[in-house]
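The block underneath contains the structure these notes are about, expressed in structure tokens.
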Amino acid sequence: MDWTRFVRAAASAEADRVRAQIRAAVRSVALLAVASVLLLIGVIFTLTGLYGSLADALPQWQAGGLIGLGLLLVCLLLVAAARRGTRRAAAAAPPPRPPRPTADDLEASAELGAAASSAARDFVARHRPHTWQLALAAFVFGLIASRQPPRRKRDKE
Numbered sequence: 000m001d002w003t004r005f006v007r008a009a010a011s012a013e014a015d016r017v018r019a020q021i022r023a024a025v026r027s028v029a030l031l032a033v034a035s036v037l038l039l040i041g042v043i044f045t046l047t048g049l050y051g052s053l054a055d056a057l058p059q060w061q062a063g064g065l066i067g068l069g070l071l072l073v074c075l076l077l078v079a080a081a082r083r084g085t086r087r088a089a090a091a092a093p094p095p096r097p098p099r100p101t102a103d104d105l106e107a108s109a110e111l112g113a114a115a116s117s118a119a120r121d122f123v124a125r126h127r128p129h130t131w132q133l134a135l136a137a138f139v140f141g142l143i144a145s146r147q148p149p150r151r152k153r154d155k156e
């Protein structure tokens, strides 16, 4: 079997798929940018027409003020809607709480700690390790000990 050909063919197919997804994403972003510019131009012309209509019935400064206040109200509504949406998203997904350890978990971690302690004693007695080996062993045993619940919480239960 020629595994290298198989792996290269699979990687090539995956690379082609990723390239196609990137092209589609770039095309979508470009269309969104063009649509945003056209929307902005449309809003400008609509507001200009609304101002012209109001300027016939009202003085120019009042027509401009009404248009400005209307835009300010629309912006405030959009900001309020955005804030509500972000608050909902934050409240909808609270971080999951870790499960409380059971008695079996506590016994298993105590047995693991005892086994690690005896293994460390045997290792030191047999091999006379160097300082870096002792530091590595202390780090590993610290990781094991950090998996156990704090002693104060265990004693209260």
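To convert, note that position 131 of the sequence shown is 130 in numbering that gives the first Met the number 0; the numbers rise steadily by one, no gaps.
Where a beta carbon is used, it is the ideal one built from N, C-alpha and C, also for glycine.
Just so you know, these numbers come straight off a predicted model, no measurement behind them.
Boundaries of the alpha helix (DSSP H) around Thr130: 130-145.
With respect to the 8 Å criterion, Tyr50 and Ala62 are classified as neighbours on the basis of their beta carbons.
Measuring C-alpha to C-alpha distances from Leu142 to each of Ala24, Leu77, Pro98, Ser116 identifies Ser116 as the nearest.
Using a Cβ distance threshold of 8 Å, Ile66 and Leu39 do not count as a contacting pair. Following the DSSP letters along the chain, one finds Arg96 in no alpha helix (DSSP H), marked with neither H nor E.
DSSP, read as helix, strand or coil, puts Arg26 in helix. In the displayed model, Leu57 falls within coil according to three-state DSSP, outside both helix and strand. For Arg120, the closest alpha carbon among the candidates Ala109, Glu110, Ser108, Leu133 is that of Leu133.
In the three-state reduction of the DSSP assignment, Arg127 falls in the coil class. About 6 Å separates the beta carbon of Ala144 from that of Gly112, a gap short enough to meet the 8 Å contact definition.
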